[in-house]
Amino acid sequence: MNSYTSWGRYPRSHPAEVVPLSWISRIPDFNQFSHPVLVYGKGRSYGDTCLNDGGVLLDSSGLDRFIQFDTHTGVLRCESGVTLQSVLRLSLPDWFLPVTPGTQFVTIGGAIANDVHGKNHHRAGSFGCHVRSFELLRSDKGRVFCSPEENKDLFAATIGGLGLTGMILWAEFQLKRASGPWIECEQIRFEKLDTFFELSAASDENYEYTVAWLDCASAGHKLGRGIFIRGNHSSAGPQDSHGPLPLPGFEAPEMLISRPTVRAFNWAYFNSQFRESTRNRVHYEKFFYPLDRVAEWNRLYGQRGFLQYQFVVPYQNREVVAEVLDLIARSREVCTLSVLKVFGSVSSPGLLSFPRPGVTLALDFPYQGQPTLDLCERFDQVMKRNGGVVYPAKDARMSAESFQTYFPQWKELSNFLDPRFESDFWRRVTPTNGNRQ
Amino acid sequence: MTRRVLILGATSGIAQETSRCFAAEHAKLFLVARDPQKLAAVAEDLKVRGAEAVETHQADLNAYSDHPAIINRAASVWQGLDAALIAHGSLPDQALVEKDSLVLRDALDTNYFSAVSLSMHLATVFEAQRSGVLAIIGSVAGDRGRRSNYVYGSAKAAIATFAAGLRLRLLPAGVKVVLIKPGWVSTPMTEHLPQNFLYISAQKAGRGVYQAITSPTSVVYLPSYWKWIMAIIRSVPEPIFAKLKL
Ligand SMILES: Cc1cc2nc3c(=O)[nH]c(=O)nc-3n(C[C@H](O)[C@H](O)[C@H](O)COP(=O)(O)OP(=O)(O)OC[C@H]3O[C@@H](n4cnc5c(N)ncnc54)[C@H](O)[C@@H]3O)c2cc1C
Ligand SMILES: NC(=O)c1ccc[n+]([C@@H]2O[C@H](COP(=O)([O-])OP(=O)(O)OC[C@H]3O[C@@H](n4cnc5c(N)ncnc54)[C@H](OP(=O)(O)O)[C@@H]3O)[C@@H](O)[C@H]2O)c1
Numbered sequence: 009m010n011s012y013t014s015w016g017r018y019p020r021s022h023p024a025e026v027v028p029l030s031w032i033s034r035i036p037d038f039n040q041f042s043h044p045v046l047v048y049g050k051g052r053s054y055g056d057t058c059l060n061d062g063g064v065l066l067d068s069s070g071l072d073r074f075i076q077f078d079t080h081t082g083v084l085r086c087e088s089g090v091t092l093q094s095v096l097r098l099s100l101p102d103w104f105l106p107v108t109p110g111t112q113f114v115t116i117g118g119a120i121a122n123d124v125h126g127k128n129h130h131r132a133g134s135f136g137c138h139v140r141s142f143e144l145l146r147s148d149k150g151r152v153f154c155s156p157e158e159n160k161d162l163f164a165a166t167i168g169g170l171g172l173t174g175m176i177l178w179a180e181f182q183l184k185r186a187s188g189p190w191i192e193c194e195q196i197r198f199e200k201l202d203t204f205f206e207l208s209a210a211s212d213e214n215y216e217y218t219v220a221w222l223d224c225a226s227a228g229h230k231l232g233r234g235i236f237i238r239g240n241h242s243s244a245g246p247q248d249s250h251g252p253l254p255l256p257g258f259e260a261p262e263m264l265i266s267r268p269t270v271r272a273f274n275w276a277y278f279n280s281q282f283r284e285s286t287r288n289r290v291h292y293e294k295f296f297y298p299l300d301r302v303a304e305w306n307r308l309y310g311q312r313g314f315l316q317y318q319f320v321v322p323y324q325n326r327e328v329v330a331e332v333l334d335l336i337a338r339s340r341e342v343c344t345l346s347v348l349k350v351f352g353s354v355s356s357p358g359l360l361s362f363p364r365p366g367v368t369l370a371l372d373f374p375y376q377g378q379p380t381l382d383l384c385e386r387f388d389q390v391m392k393r394n395g396g397v398v399y400p401a402k403d404a405r406m407s408a409e410s411f412q413t414y415f416p417q418w419k420e421l422s423n424f425l426d427p428r429f430e431s432d433f434w435r436r437v438t439p440t441n442g443n444r445q
Numbered sequence: 017m018t019r020r021v022l023i024l025g026a027t028s029g030i031a032q033e034t035s036r037c038f039a040a041e042h043a044k045l046f047l048v049a050r051d052p053q054k055l056a057a058v059a060e061d062l063k064v065r066g067a068e069a070v071e072t073h074q075a076d077l078n079a080y081s082d083h084p085a086i087i088n089r090a091a092s093v094w095q096g097l098d099a100a101l102i103a104h105g106s107l108p109d110q111a112l113v114e115k116d117s118l119v120l121r122d123a124l125d126t127n128y129f130s131a132v133s134l135s136m137h138l139a140t141v142f143e144a145q146r147s148g149v150l151a152i153i154g155s156v157a158g159d160r161g162r163r164s165n166y167v168y169g170s171a172k173a174a175i176a177t178f179a180a181g182l183r184l185r186l187l188p189a190g191v192k193v194v195l196i197k198p199g200w201v202s203t204p205m206t207e208h209l210p211q212n213f214l215y216i217s218a219q220k221a222g223r224g225v226y227q228a229i230t231s232p233t234s235v236v237y238l239p240s241y242w243k244w245i246m247a248i249i250r251s252v253p254e255p256i257f258a259k260l261k262l
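Protein chains in written order, with our numbering: chain A, 9 to 445; chain B, 17 to 262.
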């Protein structure tokens, strides 16, 4: 029943073999396979970083054991297939994830390989900032312990290393103190992007989590309106919360994802917040993972799947956000979700990490063939003019030339690749990379 | 009350999930498995997940002579035992057991004789204690012989009959014997088989086993709809069943 697709379900890719892993002590020798290998976590990457067409996928979901948890210091060591959800179930009410993406169905291995970020990037940086050590299994070197002190180059290459530097067997990371599962959350309507940037700047200091939902279906003078969301952990108990979700979780059948319905939905969501600002105490799952409430919502996009385009541009070039929204408004593409955030300056140890200071915008589009790809290509042109970078974990289509412009460090990463590891993504963005094709 | 639980075949996919349920209630766990590395990994996991104490014992459960020592140790570390789960098993290659008597014997040892021997020793302990739960994992495969796995199925049928008798023997002592019959479960045992929609996760199965141990039941199908599936399968007349090629 398991299908090994990526979250966007585009492109389709067919591994020659899938090997379920259940024990760290029983991982097969990667050299025994005649095809290149890649670890598959939970497939929550949107594009093709977790795919290996014609190759071997090593399914890590059976490596779901904890190894050590110091409840005084919050240092947790676990196998790489443990999910963020399992960590939270174990660690709360005293400890919380240092960084979490917008879904809890992500493995620790995946969180490191893409060096994921969350709503607290302005405070905490990316996941890799909180990793203390891990052990890699490589086809050429066997087991290698990596930390900021030992094998530090391989440590840095693996954080955000797109799963290509070998298999992460287990990892140790630092949780952060929490005061229970509740988040004090505030939502503020804004009518234009400038207001968003003002709100964001004013909130960085006193709010641990900030993000905004943009009404991506409006054009003209409504362009750039949205809802700004900020929050902090709360030590108080539960409170009935009937306000709108921090982000919309849409529960519509496939054919409803069309331009008019998406516009209606965005209109309704924006206007569901009657007052200019509301305050709620919400459960962390509702705050961080609203989309997880609809299992496999990615299937709503039907057979063709969908794309996400996430970029970051330097703060001084933030007018790029409006430029991109304008490109969407003038295209025939339907943007179903758009999320905006200002990243902070905490830098990651990762060599190829995506998060960096600036403004990040993530946009979902149903895949409608060439026109959708063309629009993304136009975004890429804007990025290159403005020092922007596109997030590989979300990408299924950028050209080799674009990738290499965004990530000139890719050549350095090449030195750390496991000779047996490959992904669809890597073959796509480094086609001329020696004999690996 | 902290439960003291013995898990035989503690590295099984299903048993690990059952043990996690016990760990979450801070039980004390005595784990027996044959592979020391796997056993250590499971023990660490269960400690982190809240088990108050974890003891491990490495043994090949087809070595019958070790059985008394294993059961004695498990029953004495914490002065008594509240529950024991017999979870080890193997799904032999049917074509191979048809040809190779040693493989056949090993399959029957693993899926039947060792479980019976362990149960006998546990029965003595529980009977003397006048309390305890003995849980054995059988299988829906034991409900009717099928072309594809009748050797495995026959061992699971035998263990079901054994459990039914033992249940009656231990009834006066207040000891519960529960037989759990899972349908298809995604674990290492079945990972080489093509999966279908009737497969459930090891987590779901393991929780079902935990519920069976901690509630007053004697025979449990996992999930419960297998009871009806198997009732139908048992009632299909032989000539038709033969044509179904199951
Ligand atoms: C609803 C939703 C919201 C999201 N929100 C965010 C967000 O806010 N921020 C963000 O950064 N991302 C976000 N993401 C993306 C997601 O967090 C990342 O793609 C993440 O890496 C997925 O983890 P996974 O376990 O599913 O790994 P997969 O997608 O299966 O794999 C990702 C990569 O990790 C590698 N990998 C996995 N395990 C190992 C291992 N053990 N050893 C070596 N390599 C390994 C794979 O080879 C692959 O290259 C979101 C995704 C979804 C679906
Ligand atoms: N999976 C299913 O679909 C299914 C369906 C119905 C019933 N069951 C039953 O459920 C039980 C658990 O199986 P599972 O699905 O969890 O499969 P599993 O993960 O393969 O577990 C089987 C376990 O038995 C252990 N084992 C086998 N022979 C042993 C021996 N001689 N000594 C000690 N340990 C031994 C194995 O140890 P190693 O790890 O060292 O190999 C393994 O841990 C079995 O009784 C099985 O028959 C399973």
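Every residue, glycine too, gets a C-beta built ideally from N, C-alpha and C.
Proximity below 8 Å, CB of residue i to CB of residue j
i                : j                : result
ILE167 (chain A) : ASP123 (chain A) : yes
VAL139 (chain A) : PHE77 (chain A)  : no
GLN376 (chain A) : GLU341 (chain A) : yes
LEU96 (chain A)  : LEU84 (chain A)  : no
SER147 (chain A) : ASN39 (chain A)  : yes
ILE120 (chain A) : ALA179 (chain A) : yes
GLY352 (chain A) : ALA164 (chain A) : no
SER68 (chain A)  : GLY117 (chain A) : yes
LEU71 (chain A)  : TYR48 (chain A)  : no
ILE87 (chain B)  : HIS137 (chain B) : yes
PRO204 (chain B) : GLY224 (chain B) : no
VAL156 (chain B) : ILE30 (chain B)  : no
ARG238 (chain A) : GLU194 (chain A) : yes
LEU162 (chain A) : LEU144 (chain A) : yes
Heavy atom of ligand 1 within 7 Å of residue i beta-carbon
i                : result
HIS104 (chain B) : no
LYS149 (chain A) : no
ARG52 (chain A)  : yes
THR344 (chain A) : no
Pick from the options that is closest to residue i, judged by C-alpha positions
i                : options                                   : result
HIS241 (chain A) : A:VAL139, A:TYR292 and A:ARG267           : A:TYR292
LEU360 (chain A) : A:GLY169, A:VAL302 and A:GLY117           : A:GLY169
LEU101 (chain B) : B:TYR241, B:PRO253, B:ALA228 and B:LYS259 : B:ALA228
PRO365 (chain A) : A:PRO427, A:ARG326 and A:PRO322           : A:PRO322
VAL397 (chain A) : A:THR380, A:GLY118 and A:SER410           : A:SER410
GLY16 (chain A)  : A:THR344, A:SER53, A:TYR48 and A:VAL45    : A:SER53
ASP202 (chain A) : A:GLY232, A:ASP372, A:TRP418 and A:GLN93  : A:GLY232
VAL236 (chain B) : B:ARG50, B:PRO204 and B:ALA151            : B:ALA151
THR108 (chain A) : A:GLY82, A:SER88, A:HIS130 and A:PHE135   : A:PHE135
SER33 (chain A)  : A:ALA404, A:GLY239 and A:ARG151           : A:ARG151
PRO23 (chain A)  : A:ASP37, A:LEU29, A:ILE35 and A:HIS43     : A:HIS43
TRP103 (chain A) : A:THR81, A:GLY110, A:THR91 and A:VAL114   : A:THR81
PRO363 (chain A) : A:PRO374, A:ALA337, A:LEU383 and A:PRO400 : A:PRO400
Closer than 7 Å: residue i CB and nearest ligand 2 heavy atom
i                : result
ILE86 (chain B)  : no
MET13 (chain B)  : Residue 13 (chain B) cannot be examined here, being either before or after the span of chain B that is shown, 17 to 262.
ILE249 (chain B) : no
SER28 (chain B)  : yes
LYS54 (chain B)  : yes
ASP76 (chain B)  : yes
SER155 (chain B) : yes
ASN127 (chain B) : yes
PRO188 (chain B) : no
ARG50 (chain B)  : yes
CB-CB length for residue i against residue j, believed under 8 Å
i                : j                : result
PHE142 (chain B) : ALA189 (chain B) : 7 Å
PHE204 (chain A) : LEU335 (chain A) : In fact, because the Cβ distance is near 18 Å, the residues do not count as touching under 8 Å.
SER346 (chain A) : LEU308 (chain A) : Rounded, the Cβ-Cβ distance is 17 Å, inconsistent with contact.
GLN32 (chain B)  : VAL58 (chain B)  : 6 Å
SER187 (chain A) : SER243 (chain A) : 4 Å
LEU45 (chain B)  : ALA39 (chain B)  : 7 Å
Ordered list of beta strand (DSSP E) runs contained in the stretch 346-408 of chain A, each at least 3 residues
Complete beta strand (DSSP E) runs here, min 3: 366-374.
Entirely within the stretch 38-100 of chain A and at least 4 residues each: give me those alpha helix (DSSP H) ranges in chain order.
Secondary structure in the stretch 38-100 of chain A: the alpha helix (DSSP H) runs of 4 residues or longer, each lying completely within the stretch, are 92-99 in chain order.
Output the residue ranges of the alpha helix (DSSP H) runs that lie fully inside the stretch 195-248 of chain B and measure 4 residues or longer, sorted by chain position.
Taking 4 residues as the shortest admissible run, the stretch 195-248 of chain B contains the following complete alpha helix (DSSP H) segments, listed from N- to C-terminal end: 218-230.
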